[in-house]
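What the sequence shown shows, in my numbering, is residues 14 to 331, in sequence order.
Even for Gly, the Cβ is constructed at its ideal location relative to N, Cα and C.
Keep in mind the model is a prediction, meaning the values are calculated, not measured.
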Amino acid sequence: MTIDEFEQWMAARQVTRTVLTLQQHHTFSPSYANFTGSNHFSLLVGMKNYHVNYNGWADIGQHFTTFPDGMIATGRSLELSPACIKGRNANAICVENVGYFDAGKDNMTAAHRDVIVRSAAAIVKRFGLPVNTDRIVYHHWFDLNTGARTNGNSGSVKSCPGTAFFGGNKVAHAQANFLPLVTRALGGHFGGQLTGVLKFGYVTAQSLNIRTGPGTQFSRVGATSLGAILRIYRVQNGWYKIAKNREEWVAGNFVTDVQMAEVANADRLNVRSGPGTSFSIVGTYLRGEVVFIFEQKGTWAKIGLDERWVSRNFLKIL
Ligand SMILES: [Zn+2]
């Protein structure tokens, strides 16, 4: 798609999965040297084959891929978490930008800059995300082994999306260079997806039908899958309305309530493999990051389907 086409496509997209972050990456390989101007699809197939056959993933890792000529391609379904940043894929959209944007490597074209900025704006707009470095994130800011957010200052990290990506790959570079361009591309205020939300819930069935009304007699318009966090706008006869402006309903008995919470009262919050300090540290969140509480045990909160726990004392329920 061209970026004009993408903006319209994105605005019209219905996505049941709750999206909270947008990840920016560079592909490193393929780089600009591999792009001929007409081989978009063969590069995508190459990446998909690598992800499926070498990494053992179900599909290509990213949702979107941008190219040096300003084109953008779809990839993994938006209803699925990406496979892009270990420990940080739930509730994320992943964009891979074809190129190697470390200093002294590929020199990003003007068309590429345009599609990266405008696609980020279109995604942020569609999902009602605030433009800040909690929600628009670079791979470099997360430890490769644990998913802990280190902002690239410690641990084992990649340079991705590149040490010269819009002037640098640090949080300060994003704030000074990239985010202002995204804000400008947004061109004004927009309503967030979270206004009017009654509560959140996660899907407990492998696949859950979406229907045009609150009952099985209504026609099926799609499905959402295990672990997806839904926004529930209305409850009727045990059915949940999961879209703000459309009739999209799911059976409530396959959805378990979760609470949205923000990391507060601590600059860093450890994620552990179980509900207690005796369990090993498997990640870190920073103040202001948002999580969903799936389950509670004492003063501990489970923040996903897998065993990832944080102390509730440092969470503020939103
Ligand atoms: Zn990356």
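Proximity test, residue i beta-carbon vs ligand 1 heavy atom, cut-off 6 Å
i           : result
residue 64  : no
residue 173 : yes
residue 152 : yes
residue 38  : yes
The alpha helix (DSSP H) enclosing residue i, as first and last residue numbers
i           : result
residue 53  : 53-62
residue 138 : 123-140
residue 20  : 16-25
residue 195 : 192-199
Proximity of residue i and residue j at Cβ, strictly below 7 Å
i           : j           : result
residue 97  : residue 74  : yes
residue 222 : residue 233 : yes
residue 147 : residue 18  : no
residue 332 : residue 115 : There is simply no residue 332 to check, as the chain begins at 14 and stops at 331 in what is shown.
residue 26  : residue 92  : no
residue 131 : residue 71  : no
residue 248 : residue 307 : no
residue 243 : residue 200 : no
residue 112 : residue 42  : no
residue 38  : residue 173 : yes
residue 106 : residue 136 : yes
residue 267 : residue 218 : yes
residue 95  : residue 104 : no
Residue i - containing beta strand (DSSP E), residue span
i           : result
residue 299 : 294-299
residue 253 : 252-254
residue 47  : From DSSP, residue 47 is part of no beta strand (DSSP E); its letter is neither H nor E.
residue 305 : 303-306
residue 86  : 85-87
residue 238 : 233-238
residue 109 : 105-110
residue 313 : 313-315
residue 33  : Unbroken run through residue 33: none, as it is neither H nor E.
residue 267 : That residue, residue 267, is in no beta strand (DSSP E); it is neither H nor E in DSSP.
residue 77  : 77-79
residue 222 : 220-224
residue 283 : 281-285
residue 328 : 328-330
residue 144 : Residue 144 -> no beta strand (DSSP E), and no H or E assigned at all.
residue 216 : 212-216
residue 324 : 322-324
residue 243 : 242-245
Residue i at chain C interface by Cβ criterion, 7 Å
i           : result
residue 173 : Absent from the structure is chain C; it holds one protein chain and no more.
heavy atom of ligand 2 below 6 Å from residue i C-beta
i           : result
residue 148 : Ligands in the displayed structure: ligand 1; ligand 2 is not one of them.
ask   = Pairing CB atoms from the region 53-66 with CB atoms from the region 185-203, are three or more of them under 8 Å?
value = As far as the Cβ criterion goes, the region 53-66 does not touch the region 185-203, which means the pair count is below three.
inquiry  = Whether or not the region 150-163 and the region 114-128 are in contact is what I'm after, with contact meaning three or more pairs of Cβ atoms, one per stretch, closer than 8 Å; do they touch?
reply    = The answer is no - the region 150-163 does not touch the region 114-128, with fewer than three Cβ pairs under 8 Å.
query = Between the region 161-174 and the region 296-306, are three or more C-beta pairs nearer than 8 Å?
reply = By the Cβ test, the region 161-174 is in contact with the region 296-306, since at least three Cβ pairs between them sit closer than 8 Å.
task = Would you check if there are 3 or more beta carbon pairs closer than 8 Å linking the region 63-82 to the region 270-283?
result = As far as the Cβ criterion goes, the region 63-82 does not touch the region 270-283, which means the pair count is below three.
task = Decide if the region 279-289 is in contact with the region 232-240; the criterion is three or more beta carbon pairs, one per stretch, under 8 Å apart.
result = Below 8 Å, too few C-beta pairs join the region 279-289 and the region 232-240 to call them touching: fewer than three.
request  = Mind the definition here: the region 209-229 touches the region 72-91 only if three or more C-beta pairs lie below 8 Å; say whether that holds.
outcome  = The region 209-229 is not in contact with the region 72-91.
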